[in-house]
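First to last, the protein sequences are chains A and B.
Offset between the first sequence (1-based) and the numbering used here: plus 786.
Offset between the second sequence (1-based) and the numbering used here: plus 638.
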Amino acid sequence: AQSVTQLDSQVPVFEEAPVELRCNYSSSVSVYLFWYVQYPNQGLQLLLKYLSGSTLVKGINGFEAEFNKSQTSFHLRKPSVHISDTAEYFCAVSFYNQGGKLIFGQGTELSVKP
Amino acid sequence: GAGVSQSPSNKVTEKGKDVELRCDPISGHTALYWYRQSLGQGLEFLIYFQGNSAPDKSGLPSDRFSAERTGGSVSTLTIQRTQQEDSAVYLCASSLLGAGVTDTQYFGPGTRLTVL
Numbered sequence: 787a788q789s790v791t792q793l794d795s796q797v798p799v800f801e802e803a804p805v806e807l808r809c810n811y812s813s814s815v816s817v818y819l820f821w822y823v824q825y826p827n828q829g830l831q832l833l834l835k836y837l838s839g840s841t842l843v844k845g846i847n848g849f850e851a852e853f854n855k856s857q858t859s860f861h862l863r864k865p866s867v868h869i870s871d872t873a874e875y876f877c878a879v880s881f882y883n884q885g886g887k888l889i890f891g892q893g894t895e896l897s898v899k900p
Numbered sequence: 639g640a641g642v643s644q645s646p647s648n649k650v651t652e653k654g655k656d657v658e659l660r661c662d663p664i665s666g667h668t669a670l671y672w673y674r675q676s677l678g679q680g681l682e683f684l685i686y687f688q689g690n691s692a693p694d695k696s697g698l699p700s701d702r703f704s705a706e707r708t709g710g711s712v713s714t715l716t717i718q719r720t721q722q723e724d725s726a727v728y729l730c731a732s733s734l735l736g737a738g739v740t741d742t743q744y745f746g747p748g749t750r751l752t753v754l
């Protein structure tokens, strides 16, 4: 079965500290990987995606993620967070020739404190 | 240009009533997706349209749920005989290409459905 697991439901961190949000997936076929962010009372916005090629992907707002096929992981990182990064972050996968539907993880709530 | 829009933004209904939720995708986007976001289940895929046809309805939770898309544009998600477990935020997304191509999906703000 294909699934996505976000290992941390909540991550509190102080401003300007580094952060890593963890995501693991399970699939018997090749996957495409995404991170979306949902700010309070707003819709989902794409942060970054991995389709192929370089395993290190850079996205908006200084975020990056690394695809690790052997560990089936796609962890999201930022070297220095801001208060404005407080939001919920969702990891998602899709599969070739399945119309692009996304399978989401449960989400990680990032809370940045001053 | 305009993004994905959804209406209504909030809907409160009584158990047993039917509801219709509307999605206006980004102009020119061929693919349209419906998802549901609830506290217990997280974000779940419901149905996917390519043009006016729905090649994947696998996420619809029961036969009370149906959706259609007309003119390759607007889509309506209908829930008949609503139940309290249908309470959730219903999200719509569209992408330029869709089938066979992994394209960025752009999400609307959602419709919050509350079933009393």
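No residue lacks a Cβ here, since even glycine has one placed at the ideal position from N, Cα and C.
Whole-angstrom distance between residue j and residue i, CA atom to CA atom
i         : j         : result
Gly893(A) : Cys730(B) : 18 Å
Gly848(A) : Ser795(A) : 22 Å
Ser643(B) : Leu834(A) : 22 Å
Gly845(A) : Ser838(A) : 15 Å
Phe881(A) : His868(A) : 33 Å
Ala787(A) : Gly748(B) : 28 Å
Ile762(B) : Ile664(B) : Residue 762(B) is absent from the structure shown; chain B starts at 639 and stops at 754.
Pro865(A) : Val805(A) : 6 Å
Phe745(B) : Gln721(B) : 25 Å
Lys649(B) : Asn854(A) : 42 Å
Ser789(A) : Lys899(A) : 31 Å
Thr651(B) : Lys887(A) : 29 Å
Chain A contact for residue i (CB, 8 Å cutoff)
i         : result
Tyr728(B) : no
Leu681(B) : yes
Ala705(B) : no
Ala669(B) : yes
Asp656(B) : no
Interface flag, residue i vs chain B, CB-CB below 8 Å
i         : result
Leu832(A) : yes
Ile846(A) : no
Selection from the options that minimises the alpha carbon distance to residue i
i         : options                                       : result
Glu723(B) : Phe687(B), Glu706(B), Leu754(B) and Gly709(B) : Leu754(B)
Gly891(A) : Pro646(B), Cys661(B), Phe683(B) and Ser645(B) : Phe683(B)
Leu807(A) : Gly885(A), Pro826(A), Glu852(A) and Gln828(A) : Glu852(A)
Val797(A) : Val815(A), Leu862(A) and Thr841(A)            : Leu862(A)
Pro826(A) : Gln884(A), Gly885(A), Ser870(A) and Asn883(A) : Ser870(A)
Nonlocal neighbours in the same chain, by C-beta distance under 6 Å from residue i, ignoring five residues either side
i         : result
Glu874(A) : Gln824, Gly893 and Glu895
Leu830(A) : Tyr822 and Gln824
Ser859(A) : Asn810
Phe820(A) : Lys835 and Ala878
Beta-ladder partner(s) of residue i, from DSSP
i         : result
Thr714(B) : Arg660(B) and Glu706(B)
Asn648(B) : Arg750(B)
Tyr818(A) : Ser880(A)
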